[in-house]
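Numbered per mature numbering (1 follows the signal peptide of the UniProt record, and there is no 0), the sequence shown spans residues -19 to -1, 1 to 265. Right, one structure below, let's go through it.
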Amino acid sequence: MALLFVSAVFLGALAVASAGNFYRDFHITWGDQRAKILNGGQDLTLSLDRASGSGFKSKNEYLFGRIDMQIKLVAGNSAGTVAAYYLSSQGPTHDEIDFEFLGNLSGNPYTLHTNVFTQGKGNREQQFHLWFDPAKAYHTYSIVWNTQRIIFLVDNIPIRVFNNLESIGIPFPKNQPMRIYSSLWNADDWATMGGRVKTDWSNAPFTASFRNFNANTCVRAPGSSSCTRTDPNQDSTWQDQALDASGRNRLRWVQQKYMVYNYCTDVNRFPQGLPPECKRSRFL
């Protein structure tokens, strides 16, 4: 994948490349003892039982960057469970970039649900079945967010691109710093086959595992909404990252073989016409 170095200068905050430590970088936000940081901060597990799920969030807010996390999902019958990993700001006009993993019956594939919210508006869902079992081993899930586009990657393979189309009136998340959030929770009213398959609590507790968090980002400085690269040796390729021909071919491979839902083809959902961004590219 061709990576282009940024020529624009962002002002006002500190650019940070950080190999993560869960003690240093995250707060456990809910779940009592169901969320555990292990191995000196190198690993984290979230658990779900009938009483509660659990979750964590980043201590820092980020305005643009590349975020990588290795995740191993709930094994076996995970129907009804959702493991979420996403970036979000706060408030009624929040921005958000979502990975959500919808559990399923043993032997059936997970559904990877993606969405992009801008100024409080989402409804941009794309869903995938992965080309591997995400509960058997750790895999890397990445978000690249810069001023031109958002790229969703799985094991460094692009599965989705949401381009900045402000030129045609489509809002793009660029002014609201976001935190990283993750949670494991029960959503058996909708998560698996539209809620027809319920959580089997005899399999609880359910556990998802996280490791090798890495943030190559801009951390917002107080009173600022942008950032600058202060270290000339820092890897800043994410700041202008795009797909070359090989990357576009991989994206097409994923979307043609593994996509199971695309809002841009759901004409029944949008009887007045598909959202305008859908007309600009088949691979959004």
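All residues carry an ideal CB built from backbone N, CA and C; glycine is no exception.
Identified DSSP bridge partners for residue i
i	result
F187	L29
V97	I78
F109	L93 and M240
P154	According to DSSP, which records beta bridges pairwise, P154 is partnered with nothing at all.
V178	Paired residue(s): none; V178 is not in a bridge.
V135	Y122 and I138
residue 277	Nothing about residue 277 can be read from this structure; the chain reaches only from -19 to 265.
V248	The partner list for V248 (beta bridge, DSSP) is empty, contrary to what the question assumes.
L83	V63 and T92
W166	V63
V235	DSSP, once it has assigned bridges, lists no residue as partnering V235.
N144	R130
R192	D24 and Q51
K102	T99
Whole-Å CB distance - residue i paired with residue j, under 8 Å assumed
i	j	result
A189	T26	7 Å
V63	E81	6 Å
S163	G36	6 Å
I161	I52	Wrong, their Cβ atoms sit about 12 Å apart, outside the cutoff.
I132	V142	5 Å
G34	L165	5 Å
L68	I124	6 Å
residue 269	F194	There is no way to answer for residue 269, as the model of the chain reaches only from -19 to 265.
L255	C245	6 Å
Close Cβ partners of residue i (< 7 Å) along its chain, the five nearest in sequence each way excluded
i	result
residue 288	No answer is possible for residue 288: it lies beyond the span of the chain, which begins at -19 and ends at 265.
P186	S28, L29 and D30
G176	D169 and D170
G46	W126, A196, N197, T198, C199 and W219
K40	D6, F7 and H8
T173	A60, G61, L83, G84 and N85
F98	H75, D76 and E77
R192	Q23, D24, Q51 and Y119
F251	none
Y66	M50, I52, F80, Y122 and S163
W112	Y239
Own chain residues within Cβ distance below 6 Å of residue i, not counting five before or after
i	result
Q3	This sequence places Phe at residue 3; Gln is not what is there. Counting only Cβ-Cβ distances below 6 Å, and skipping sequence neighbours, we find I18, G22 and L25.
P115	L54 and Y91
S70	D76, Q157 and M159
D212	Low confidence applies here, because D212 scores a pLDDT of 44, under 50, leaving its location unreliable; read the following figure in that light. There are no such residues.
H120	D136
T180	G61, N167 and D169
L(-17)	Note on L(-17): pLDDT 34, under 50, position unreliable in the model; no value is reported.
N243	Q107
residue 291	Outside the shown range of the chain (-19 to 265) lies residue 291, about which nothing can therefore be said.
Q253	none
V235	I140
N230	none
G103	N96
S87	G57 and N58
Close Cβ partners of residue i (< 8 Å) along its chain, the five nearest in sequence each way excluded
i	result
V241	T92, Q108, F109 and H110
A32	none
R261	N144, L146 and I149
V248	L255
V178	A60, G61, N85, L86 and D169
Is the region 89 to 99 close to the region 107 to 114, with three or more CB pairs under 8 Å? yes
Which ranges would you report for the beta strand (DSSP E) in the region 1 to 53 if only whole runs of at least 3 residues count? 7 to 11, 16 to 19, 24 to 29, 35 to 39 and 43 to 53
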